[in-house]
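The sequence shown: position 58 = 58 (UniProt numbering), numbered continuously.
Below is one structure, written out as C-alpha cells, with a few remarks after it.
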Amino acid sequence: MTESKKGRPTPKRNEAAQKRQALAPIIGKEEKKRAKDDAKNARIAARAAYMRGDESALPARDKGPARRFVRNFVDSRRSVGEYFLPVIFIVLLLTLIPGSRSADTSGTAKIPFTQVLSIAIMYAVLLISVIDGLILSRKIKKAVAEKYPDTSLRGLGMYGWLRSTQMRRMRTPKPAVKAGEKFN
C-alpha cells in the first residue's frame with residue numbers, strides 16, 4: 001500500500017462533519033431577523049437608486065455617459081415599437097371573435113375577415129417597428145459619435161432599439177426626459 005501524499009490519513013465522515021459544524025457561527029433568532037431586515041432594506045434602497053438612474057446603482061450594461069445619452073435620446077421620442085405589445089393584445093382579442101366560416105365552391109374554408117385584418121395589422125406593425133429600429137440605431141450611433149467621439153459605438157444601437165421597443169412605463173431605469181422634450 002502506498003503512503004498518502006498529504007502526510008495524514010483521510011478523516012472519517014463523522015470527523016469531517018464535526019469539523020464543518022464547528023466552523024459555522026452560532027446566530028440567534030433576533031440576529032438572523034435583523035440581518036434579513038437589513039438585507040431587505042439594502043435591496044429596496046438599491047432598487048430605488050437603480051430606478052432613479054443613479055450611476056452607482058446601474059449594472060454595467062447601463063453605465064456611462066454614452067448609455068445615459070442613448071436612454072435620453074430614445075425616451076425623448078415616440079416609436080412604433082413601444083406600441084407593439086398593445087397592438088398584439090388587440091390582435092389577440094380580434095382573433096378570438098368568432099366569424100362565420102363558410103366553405104367556397106372548392107371546399108376550402110374561408111378565414112373570417114377580422115382575423116385576416118388583425119394578423120395583417122400585427123405583421124405591418126412588426127415590419128414598421130423593425131424598420132424604425134434600424135433607422136433609430138443609425139441615428140443613435142451618429143449622435144453618439146458626434147457627442148462622444150472617443151466612445152466605442154459597439155452595442156449602442158441595439159441598446160437603444162431594445163429600449164425603444166419597451167412601453168415607456170416599463171422601461172428601467174425610468175425615463176428621465178418626456179417624449180418630445182429636448183435633452184443635453
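All C-beta atoms, glycine included, are put in the ideal place defined by N, C-alpha and C.
All values reported here derive from a predicted model rather than from experimental measurement.
Within its chain, find whatever has a CB closer than 7 Å to the CB of residue 159; leave out the 5 residues flanking it on each side and keep chain order. 67 and 70
State the DSSP-derived secondary structure class of residue 167, mapped to helix, strand or coil. coil
Exposed or buried, which one is residue 136 when buried takes at least 16 other CB atoms within 10 Å? buried
Residue 163 burial status per 10 Å Cβ neighbour count (16 or more: buried): buried
For the ligand NAD, is there a heavy atom less than 7 Å away from the beta-carbon of residue 54? The ligand content of the structure shown is nil, which means the ligand NAD is not present either.
Tell me the residue span of the alpha helix (DSSP H) that contains residue 111. Segment: none, residue 111 is in no alpha helix (DSSP H) and carries neither H nor E.
Among residues of its own chain, excluding the 5 on either side of residue 151, which ones have a beta-carbon nearer than 7 Å to its beta-carbon? 66 and 144
Using 8 Å as the threshold, is the C-beta distance between residue 140 and residue 155 below it? no
Under the rule that 16 or more other beta-carbon atoms within 10 Å means buried, what is residue 89, buried or exposed? exposed
Three-state secondary structure (DSSP) of residue 73: helix
Using three-state DSSP, classify residue 135 as helix, strand or coil. helix
Under the three-state DSSP convention, the category residue 182 falls into: coil
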